[in-house]
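Protein chains in written order, with the numbering used here: chain F, 1287 to 1730; chain E, 1485 to 1553.
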């Protein structure tokens, strides 16, 4: 009986998948055809024309004929789905607005909800507000002073042009309104231009997708641990039941396999809250990103989030370092003096490289898993030729669904293992910072 | 050109990761064959080691994605 139900459910998912793939309104992302001309040219193929009438555009989305309908671009779609955004899309039909908190040096602070952008077809805003527009889910600002910021203007489309700045080809986005193009500025980033960012005309402090996911996961973790602690306080001697047994398994596992062996039986209690917080926070965020269609929040795959956690580990390890720790870094005992100087340089670099690898390992593993899953789903659209070929999309669905299921199973394992590895390495670094002197050197 | 080189770089990184994890796996299988009652410990250590090696390969892939974008 159960087997029949599972079979029926599986076939239903396949059928619905292939029908959904044909929907013009779905995940199709026309490629912003960056044809990289050497001069800045207006290229017809890179225009996404929405409509001059925003209300009609929402209705006409399923049927409108995009003459410039380019083919499906799996790379851009994947990158879009693992990036942060200012709107929260559930199942691709419901768009939840999020609070926007923006600061521009010439305007001051602006607080509003991202619902004023009236975002529609793949998270492009139909209206501007106070000079800000929403493109592909993230907020941009119109830098053209002739663009009126007092009223909410209609945005008819977005264009991408490529400019050559300092020998690198950079994409500049333009918004079209009332027949004119207005140059857009992306938000400021502190990467100093390494990843294409830099300080621009406004700063974005909004509650974005990632921030909302982190708040939700924190509240959820707080709730389940609080109810488990209440149950323990009420009956301290009875067997655990329900959520307690799951939490107790993980808690005791981390305490006995990670904290005590690496930090030491007498010193581990001071650092146990830190290790537990890191483990459950990363595990919760990893698993939250695996829920399909739920806003596709890729929090731990974001380098900024993992950088902050790694920075926290760096600060705590170095604050708690005792004399032995610093001696081992700068003046390694037990080796001849030329080697001491060489080792000092290497160990000093290692001081920064260890948290850096923590950051990159977690972000890389989770991002790579998400990109793999998105590529498999993108197979449906590639085979279905962006929704025009029903037979092709059915074949694509039959190929993609088993691959995606397999990849998601691996992603569950990766979620646990990466949270565990992060905690293990944190415990190792803390242990090496507070351990007492080796007595082996005195036995030579 | 940058995109092609980035893709070649990512492929080379995966070669290294694949060889590393393959060696860990083969040694783990030999060890389990020699002493089947330690299979649980060996399996856990094997998965842990694979996570570290895969981390290195994925760091290279992540960087090549950034370079290509």
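Every residue gets a Cβ at the ideal spot worked out from N, C-alpha and C, and that includes glycine.
### Beta-carbon separation (whole angstroms), residue 1409 of chain F vs residue 1373 of chain F, contact threshold 8 Å
Residue 1409 of chain F to residue 1373 of chain F, Cβ: 6 Å. Contact.
### Message
Taking 8 Å as the cut-off, does the region 1665-1675 of chain F touch the region 1615-1629 of chain F (at least 3 CB pairs, one atom from each stretch)?
### Response
no
### Task
Taking residue 1425 of chain F and residue 1386 of chain F to be in contact with their CB atoms under 8 Å, please state how far apart those CB atoms are, rounded to whole angstroms.
7 Å
### Task
Check the Cβ-Cβ distances between residue 1541 of chain F and every residue of chain E, and say whether any is below 7 Å.
no
#### Entry: residue 1582 of chain F to residue 1627 of chain F span [Cα, whole Å]
49 Å
### Query
Nearest chain F C-beta to residue 1524 of chain E closer than 7 Å, yes or no?
Cβ-Cβ to chain F under 7 Å: no for residue 1524 of chain E.
### Task
Would you mind listing the alpha helix (DSSP H) stretches within the region 1486-1517 of chain E that are 4+ residues and don't spill past its ends, in chain order?
none
### Proximal residues to residue 1715 of chain F (C-beta, below 8 Å), its chain only, five neighbours per side dropped
The residues are 1599, 1603 and 1640.
### Query
Taking the runs of the beta strand (DSSP E) that are 3 residues or longer, which of them lie wholly in the region 1500-1568 of chain F?
none
### Same chain, Cβ closer than 8 Å to residue 1384 of chain F, neighbours up to 5 away in sequence not counted
1372, 1373, 1374, 1399, 1400, 1492, 1493, 1494, 1495 and 1498
### Residues near residue 1420 of chain F in its chain [Cβ-Cβ closer than 6 Å; skip 5 each side]
1403, 1405 and 1411
### Query
What span of residues does the alpha helix (DSSP H) with residue 1609 of chain F cover, start to end?
1609-1616
### Task
Compare the C-beta of residue 1505 of chain E against all C-beta atoms of chain F and say whether one is closer than 7 Å.
Cβ-Cβ to chain F under 7 Å: no for residue 1505 of chain E.
### Query
Should residue 1570 of chain F go down as buried or exposed, given a rule of 16 or more other Cβ atoms within 10 Å for buried?
buried
### Cutoff 8 Å; reference residue 1597 of chain F; Cβ partners in own chain excluding five residues on either side
Hits under 8 Å: 1641.
### Query
Which residues in the same chain have their Cβ closer than 8 Å to the Cβ of residue 1593 of chain F, if we skip the five residues on either side of it in sequence?
The answer, listed in chain order, is 1645.
### Task
State whether the region 1538-1546 of chain E contacts the region 1647-1658 of chain F, with contact taken as three or more CB pairs (one from each stretch) at a distance under 8 Å.
yes
#### Entry: residue 1658 of chain F: contacting residues in chain E (beta-carbon distance under 8 Å)
Under the 8 Å cutoff, chain E gives no residues; its nearest Cβ is about 11 Å from residue 1658 of chain F.
### Query
Would you say residue 1489 of chain E faces chain F, with C-beta separation under 7 Å as the test?
no
### Query
In chain F, what lies closer than 7 Å to residue 1514 of chain E by C-beta?
Near residue 1514 of chain E there are no residues of chain F at all, since even the closest Cβ is about 23 Å away, more than 7 Å.
### Message
Taking its Cβ as the centre, do 16 or more other Cβ atoms sit within 10 Å of residue 1316 of chain F, making it buried, or is it exposed?
### Response
Annotation note: pLDDT 39 at residue 1316 of chain F (below 50); position unreliable, coordinate value reported separately. With 16 or more other Cβ atoms within 10 Å, it is buried.
### Query
For a contact meaning CB atoms closer than 9 Å, what does residue 1535 of chain E contact in chain F?
1647, 1651, 1700, 1703, 1704, 1706 and 1707
### Query
What does residue 1734 of chain F pair with, by DSSP beta-bridge criteria?
Any question about residue 1734 of chain F goes unanswered here, given that chain F covers just 1287 to 1730.
### Query
If the cut is a Cβ gap below 8 Å, which residues of chain E does residue 1654 of chain F touch?
Scanning chain E for C-beta atoms nearer than 8 Å to the C-beta of residue 1654 of chain F yields 1542, 1545 and 1546, reported in chain order.
### Task
Name the one or two DSSP bridge partners that residue 1470 of chain F has.
DSSP links residue 1470 of chain F through a beta bridge to F:1428.
### Alpha carbon of residue 1336 of chain F to alpha carbon of residue 1466 of chain F, nearest angstrom
In this predicted model, residue 1336 of chain F has a pLDDT of only 42, less than 50, meaning its place in the structure is not dependable enough to derive any value.
### Query
The alpha helix (DSSP H) with residue 1640 of chain F in it runs from where to where?
1623-1669
### Query
Mind checking whether residue 1471 of chain F and residue 1487 of chain F have CB atoms under 7 Å apart?
Yes, the pair counts as a contact, with Cβ atoms nearer than the cut-off.
### Query
Near residue 1538 of chain E, what residues of its chain come up, given a Cβ to Cβ distance below 7 Å and the 5 sequence neighbours on each side ignored?
1501 and 1505
### Message
Measuring only the C-alpha atoms, how far is residue 1580 of chain F from residue 1691 of chain F?
### Response
17 Å
#### Entry: For residue 1379 of chain F, the three-state DSSP class (helix, strand or coil)
In the displayed model, residue 1379 of chain F falls within coil according to three-state DSSP, outside both helix and strand.
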